[in-house]
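A short write-up of the structure that comes next.
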DNA sequence: CATTAAATACCCCTTTAAGGCGATTGTATA
DNA sequence: TATACAATCGCCTTAAAGGGGTATTTAATG
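Protein chains in written order, with the numbering used here: chain B, 42 to 248; chain D, 42 to 248.
Encoded structure:
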């Protein structure tokens with residue numbers, strides 16, 4: 042199977058190349074340090090799997106995954122990263138990653154994961170798998186508890202058309218804090234303004 | 042009956058005092074030029090009717106009516122103004138006015154209206170009365186047709202989170218025009234931003 | 001014919017919203 | 001004890017929204 046690597050740490054990048062090249066059935070078609078470098082090269086390249094770091098400088102790994110999947114959905118994506126928080130995991134999966142391996146994993150695990158991915162599996166580190174099943178176990182709960190109590194209070198205020206200042210007064214906090222909360226809310230809901238936040242919140246039954 | 046007057050035009054204020062003082066059964070307890078001056082004086086004053094101009098400088102007559110009715114709902118309010126537009130009429134009535142006399146009315150009419158109000162009536166200039174019954178004849182229609190076709194289109198666009206520019210493009214008009222329409226919409230719905238407009242529009246079944 | 005409303009467009013200006021930074025405190029927990 | 005998260009406050013910037021005018025054209029209506 043043909044693999045393309047995108048990893049910004051030069052040392053790790055070379056180590057991955059060496060490690061994987063030694064495996065039978067695995068061919069490394071190249072390794073790049075950023076999405077910006079990789080994308081033009083990919084245009085003339087045919088491969089089966091992209092092994093990608095999420096914490097890239099410039100365009101993020103998530104964005105890169107989206108772009109690849111848009112144009113060439115047949116390519117399997119293996120996310121390889123230190124991030125194990127909810128947002129990164131789910132963003133990567135939604136973007137199109139089918140494998141999610143943490144950087145603490147052993148070489149053996151990584152190689153097995155790549156084979157598994159190639160054969161149609163969805164290999165991921167135990168921690169990540171646990172997060173996924175928890176998400177399904179909790180069902181709506183995870184959505185409901187996505188926003189903290191304070192954040193939900195603020196969403197309800199914005200629903201009534203209150204401005205930052207007015208919310209601040211009502212809750213007896215600084216307008217700056219309101220701003221911070223709202224930024225966090227938008228981030229969590231993957232939206233970029235009030236209208237979207239409110240429609241999303243309604244859809245998820247948060248408010 | 043004891044009457045308090047709030048009227049910012051000094052000449053008219055004095056004329057009203059002279060005119061009404063001459064009537065039997067009417068006592069003028071005072072006349073003030075603004076809500077800000079009148080409110081403190083009212084605290085130590087007991088009266089039956091407040092004759093109030095809607096177009097006061099500073100706090101509006103509407104606001105003054107609200108404040109009076111909140112604390113002392115037994116006081117009858119006579120709105121006395123040049124405004125005969127829908128918004129002012131309904132705002133005054135919603136705020137708690139039971140009489141609504143236009144400034145063009147004759148002294149005789151005003152005095153009769155005050156007596157009528159004191160006896161539990163709801164005296165108002167014929168033009169105003171007509172507006173009121175039309176509102177009831179139209180029922181829901183008046184709400185639905187409150188906004189013009191174009192305005193409703195624009196409300197629907199804002200519901201989808203579109204910016205002025207985007208709405209302008211979609212409808213092939215200038216962003217300035219969108220701005221103008223939205224100002225008009227806010228005025229009609231008595232709101233001051235998108236969220237309020239949307240909640241109000243939903244409540245009234247406009248969208 | 002005069003008035004009114006709707007739709008269009010432009011001007012000025014101030015306020016808000018939102019993104020990107022950083023930073024501290026307290027609490028819970030792995 | 002380190003890590004994460006929630007909640008708090010701050011600064012800076014740009015873009016958008018909103019409030020105040022004015023003005024023209026067209027259509028309907030008293």
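Think of the CB as a built atom: it goes at the ideal place given N, C-alpha and C, for glycine as much as any other residue.
Contacts with chain D (Cβ-Cβ distance below 9 Å) from the segment 189-219 of chain B involve 199, 200, 201, 202, 203, 204, listed in chain order.
Contact annotation for residue 237/B against chain D: 202 [CB-CB distance below 8 Å, chain order]. In this structure the segment 213-224 of chain D does not touch the segment 42-55 of chain D; the number of beta carbon pairs closer than 8 Å is below three. Rounded to whole angstroms, the gap between the alpha carbons of residue 139/B and residue 207/D is 36 Å.
By the Cβ test, the segment 76-83 of chain B is in contact with the segment 91-101 of chain B, since at least three Cβ pairs between them sit closer than 8 Å.
Residue pairing by DSSP places residue 92/B opposite 46/B, 119/B in a beta bridge. For residue 69/B, the enclosing beta strand (DSSP E) begins and ends at 68-73. Contact of residue 122/D with chain B by beta-carbon distance below 7 Å is absent, the smallest such distance being about 29 Å. Contact between the segment 229-240 of chain B and the segment 187-206 of chain B is present, with at least three C-beta pairs closer than 8 Å.
Residue 208/D sits in a helix when the DSSP states are folded into three classes. Neighbours of residue 234/D across chain B, judged by C-beta separation under 8 Å: 202, 204.
The Cβ of residue 68/D sits no closer than 8 Å to any Cβ of chain B. The Cβ of residue 221/D sits no closer than 8 Å to any Cβ of chain B.
Taking the C-beta atoms as reference points, residue 70/B is found nearer than 8 Å to residue 86/B.
Membership of residue 143/D in the beta strand (DSSP E) is indicated by the continuous run 140-143. For residue 94/D, the closest alpha carbon among the candidates 118/D, 88/D, 152/D, 114/D is that of 118/D.
Cβ neighbours of residue 82/D within its own chain (closer than 7 Å, five residues either side excluded): 71, 73. With contacts defined as CB atoms closer than 8 Å, residue 225/B and residue 192/B qualify as a contacting pair. The Cβ atoms of residue 142/B and residue 64/B lie no closer than 8 Å to each other. According to the DSSP secondary-structure assignment, residue 165/B is paired through a beta bridge with 141/B. The C-beta distance from residue 67/D to residue 155/D rounds to 7 Å, short enough to meet the 8 Å contact threshold. In this structure, the beta-carbon distance from residue 57/D to residue 46/D falls below 8 Å. If the five residues before and after residue 211/D are omitted, its C-beta is found closer than 8 Å to the C-beta atoms of 198, 203, all from its own chain and listed in chain order. Leaving aside the five residues that flank residue 235/D on each side, the residues in its chain whose CB is nearer than 8 Å to its CB run, in chain order, 199. Inclusion of residue 88/B and residue 109/B in the CB contact set at 8 Å is not warranted, their separation being larger than that value. A straight-line Cα-Cα distance of about 27 Å links residue 112/D and residue 123/D.
Taking a C-beta distance under 8 Å as the contact criterion, residue 145/B and residue 120/B do not qualify as a contact pair.
If you draw a straight line from the Cα of residue 231/D to the Cα of residue 223/D, it comes to about 12 Å. In the three-state reduction of the DSSP assignment, residue 113/D falls in the coil class. Ranking 61/B, 92/B, 130/B by CA distance to the CA of residue 229/B puts 130/B first. Residue 188/B has its alpha-carbon roughly 19 Å from the corresponding atom of residue 125/B. The three-state secondary structure of residue 236/D, taken from DSSP, is helix. Burial state of residue 148/B is exposed, judged by a 10 Å Cβ sphere holding fewer than 16 other Cβ atoms.
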